[in-house]
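Numbering (the working numbering), first residue to last: 33 to 671. These notes are about the structure you will find just below.
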C-alpha cells in the first residue's frame, strides 16, 4: 500500500535518513518510535508529500488514500462538531456550506437547492451523519455538542473532532501523531478497540506504551538513520532490541580487538624491511573491513536515590460534605473523600466528570464553597500544575532553578536528572522565562522529585514526556514514601503506580480497593449486572392457555439461574465474613505485639510488624468493601 525505497534525507550536515526502506500493507498496525529529533514527524511529512527525499522515493498504491492527524491543534472555522466530522472531502464540505445557506434562507434558488441536495445525496452525505454520530459518541462528545461551533471549544475537543472526521473518512492509510494526547481513559479505550478492526493500515507515533502494546503488530524504530522493523508489540520490541544490542556490542568489541591486533602488528613492523609488506597488508585489511558502529545505550536509566518527604500522620487529608459548582453547573453535592498515608490513588472517569476539580479541591487551589477540607498532621501539599505556574523563577537558568531546593544535591546529579527529563547539553542553561509550556512542566517535575511534599497531587504528569521521561518519573514515584493522588490517561503509568482507584462520575465517587486491573474487572462486572437488570421485560402473556410448555420451561430455568446466583453470592458473603474475622483477629494480635516493650528490643521486629499490620489493614479494607457489594447483591436477589 505504501513503500519507502532507499530514502535519504538530510538537513545540512544532519542526516535523518540514509538508504531507509519500509513497506506498509493494508491491515498493518505499526508503531513508529525513536528519541526526540530522530525524524518521526519528518517521516510523516515525506510520506504525505509535504517534503521530498534527497534520494529514493515514497510510493503509494494507485487510488490509495491517506489521512493524517497532526500532534498540534488543527484549524477550524465556523463549522459545528457534526459538520466537521462529516466534511470528509472538500466537495462535501462545500455542499454542506451551501445547504446551510439554503436552510438559513440566505439562498432561495430552489433549482440550485435541489441540485446541491441531489449531489450531496449522491456522494453519500446523508449516510455519513449516523456514522459520524457513533464515532463522536465513542470519543465522548455528547448529543448536545453536535451542533456547537468548534471555535468555542478547547483545543483538545477540536482535535477529537478532527480525529472523528478522519475515522469517518476511513482512508486506506492512517498516519496518527500522538493521537491519545487529548483523550481521557474511556475515550482512549473506545478508540483503541475501534482501531483494532480498522480496515486500512495504521502508522502511528505514540508515547503511550500500553496503547502500542494493545494495538500494534510491529514496531519501526528510527536508529542510526535507518528504519528497523521488529515484529510484535512494544514490550516484545524491547526484548528483541536488547538481545540485538547485546549481539551488536559483542560483534563491535570483537572487531575492535581485531583492529587493535592488526594495528599493533603494522605499527611494530612497518619500519622493518622484511616485514613492511606484511604490515602494509594488515593496514589494508583494516581499511577493507565493514566497520561496525559503536552501539548507543539509549535505555540507560539514571541511578539516583531521590529524597523522601517528612512522614505525615495516618490521616493525610479529608473532604467532608463538599459542595462545589461553576455557576449553575453543580459538580459536587455532599461529596466526601479522604486519603491515608502511603496511598497511591488514581482518579478515573469520563471527561468533565470532575476529576480535575476534585484534585484542585484536595490541593486547596479551589476554595471550598461548602463543607470542610482538613489536612492531617505534618502534611505538606504539592500540586503539580500550581507548582509550575507559581514556583518557577523566570530569571533563573534551568540548572539554577533545579538546584534551588532545600536538599543538598550536587550539580552533576541535578544535570543527570535534568537529562532524563529531556534537558540535555546546553538546554540546562536556557532561561526559565523562555521555556515552552511543556519544558516548564518537565522542570516542575524535576523540582518536585528533588524536594517532594508528603502529599503529591498530579494532573496528567506524563503529557510532555516521551517513554524514557515517563520511566524516569515512574522510578522515583515507585519508591516515594508519601501519599500520591493523580490523574492520567497513560494506562502503563497507572498500572505501574496506582494501588487504589477512585471513579468519578456525575458528582459521585466510587471506591475500588485495588489496582487498575482490579478496577477494570470489578467495573465490568458491575456494568454487566446493571445491563442485565435494565434489560427489557419479556412481553406480557396474553392468556394462560397461550403459555406453552417451552415458555414454562424457560421460566423454570430462569428461576433456577436466579436461585443458583443467590446461593453463590450467599456463599461469597460467608467466605468473606470468615476472611474478615481472620484479618480482624490478626490485626488485633499485631496491634497487641506493638504495645509490648520487648517487641522493640528485637532489631527490625517493630518495623516488620508495622509493615505486616499495614498490609493486613489494606486487605481488611478491601475484603470489607467486597463483602458490602456481595451482601447488597444478595439483598437485591432476595427481593
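Where a beta carbon is used, it is the ideal one built from N, C-alpha and C, also for glycine. All of these numbers come straight from a predicted model, not from anything done at the bench.
From residue i to residue j, what does the alpha carbon distance come to, in whole angstroms?
i	j	result
residue 268	residue 261	12 Å
residue 500	residue 465	25 Å
residue 486	residue 435	20 Å
residue 111	residue 167	18 Å
residue 401	residue 529	32 Å
residue 169	residue 186	17 Å
residue 34	residue 91	6 Å
residue 272	residue 244	16 Å
residue 339	residue 545	28 Å
residue 363	residue 396	16 Å
residue 577	residue 556	Bear in mind that a pLDDT of 44 at residue 577, under 50, signals an unreliable position, so the number given afterwards is only what the model happens to contain. Going from the Cα of residue 577 to the Cα of residue 556 covers about 41 Å.
residue 134	residue 145	7 Å
residue 656	residue 357	33 Å
residue 47	residue 171	39 Å
residue 446	residue 304	54 Å
residue 503	residue 108	36 Å
residue 155	residue 124	8 Å
residue 532	residue 551	8 Å
residue 430	residue 470	13 Å
residue 617	residue 626	14 Å
residue 423	residue 286	52 Å
residue 164	residue 463	46 Å
residue 609	residue 659	7 Å
residue 51	residue 255	12 Å
residue 343	residue 495	29 Å
residue 553	residue 375	21 Å
residue 614	residue 377	27 Å
residue 93	residue 37	14 Å
residue 410	residue 352	20 Å
residue 307	residue 283	29 Å
residue 218	residue 361	22 Å
Helix, strand or coil: which one does DSSP assign to residue i?
i	result
residue 41	strand
residue 472	helix
residue 518	strand
residue 342	coil
residue 391	helix
residue 325	coil
residue 285	helix
residue 251	strand
residue 120	coil
residue 361	strand
residue 191	helix
residue 263	strand
residue 355	strand
residue 555	helix
residue 151	helix
residue 456	coil
residue 309	helix
residue 463	strand
residue 258	strand
residue 662	helix
Per DSSP, what are the beta-bridge partners of residue i in this structure?
i	result
residue 233	205
residue 495	Its beta-bridge partners do not exist; DSSP assigns none.
residue 350	370, 406
residue 380	535
residue 489	415, 517
residue 33	Per DSSP, none; premise fails for residue 33.
How about residue i: is its C-beta nearer than 8 Å to some C-beta of chain B?
i	result
residue 186	Reference to chain B is not applicable here, since this structure consists of a single protein chain.
Examine the ligand ATP and report whether any of its heavy atoms sits within less than 7 Å of the Cβ of residue i.
i	result
residue 250	By its list of ligands, the structure shown contains no ligand whatsoever, and the ligand ATP lies outside what it can speak to.
Touching or not, the region 248–264 and the region 46–62, by the rule of three or more beta carbon pairs under 8 Å? yes
Quick one: complete beta strand (DSSP E) runs, 3+ long, within the region 36–111? 46–56, 61–65, 87–92, 98–101
Taking three-plus beta-carbon pairs below 8 Å as touching, is the region 518–534 in contact with the region 474–481? no
Evaluate the contact criterion for the region 618–637 versus the region 509–520: three or more CB pairs, one atom per stretch, below 8 Å. Because the criterion of three Cβ pairs below 8 Å is not met, the region 618–637 and the region 509–520 do not touch.
Can you find at least 3 beta carbon pairs, one from the region 203–215 and one from the region 230–242, that sit closer than 8 Å? yes
Where are the alpha helix (DSSP H) runs, 4 residues long or more, that stay fully inside the region 503–553, in chain order? 523–529
Runs of beta strand (DSSP E) wholly within the region 392–450 (minimum 3 residues, chain order): 402–407, 413–415
So within the region 155–183, which uninterrupted alpha helix (DSSP H) runs reach at least 4 residues, ignoring any that extend past its ends? 157–170
Three Cβ pairs or more, each shorter than 8 Å: is that satisfied between the region 218–226 and the region 113–120? no
How about the region 191–206 and the region 94–102: do they share at least three Cβ pairs that are nearer than 8 Å? yes
Touch test, the region 448–462 against the region 360–378, Cβ-Cβ under 8 Å, three pairs minimum: no
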